[in-house]
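S.K.: Please find one structure pasted underneath; my questions will follow.
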Amino acid sequence: MSRLAQLAPDLIDAIALGRIEVGVSQLLRGKLSASWLAQREALVAGSR
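Using this note's numbering, the letters of the sequence shown correspond one by one to residues 3 to 50.
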């Protein structure tokens, strides 16, 4: 779960509000960068 704790705050909000369609299992399976910019790029590109 530590990977989820390092998720950018704006991404947490967007996921909770349904603006980015990504599941917890998808987040845990993928390799999340520590960089919030890289996280945004990966999750926004993956939700299109």
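We put the CB at the ideal spot given by N, CA and C, even for glycine.
1. With distances taken from CA atoms, which of Ala10, Ala44, Asp15 is nearest Gln28?
2. What's the gap between the Cα of Ala36 and the Cα of Val24?
3. Distance, Cα to Cα, Gln41 vs Gly20?
4. Identify whether Ile17 lies in helix, strand or coil by the three-state DSSP scheme.
5. Can you tell me whether Leu9 is helix, strand or coil according to DSSP?
M.R.: A quick look at the data gives this:
1. Numbered from 1 along the sequence shown, position 26 holds the residue referred to as residue 28. Nearest C-alpha to Gln28: Ala44.
2. In the sequence shown, residue 36 corresponds to position 34, counting from 1. In the sequence shown, residue 24 corresponds to position 22, counting from 1. Looking at the two C-alpha atoms, the distance is approximately 18 Å.
3. For this step, residue 41 is matched to residue 39 along the sequence shown. For this step, residue 20 is matched to residue 18 along the sequence shown. Approximately 17 Å between the Cα atoms of the pair.
4. In the sequence shown, counting from the first residue as 1, residue 17 sits at position 15. Helix.
5. As a position in the sequence shown, residue 9 is number 7, starting the count at 1. In the three-state reduction of the DSSP assignment, Leu9 falls in the coil class, being assigned neither a helical nor a strand state.
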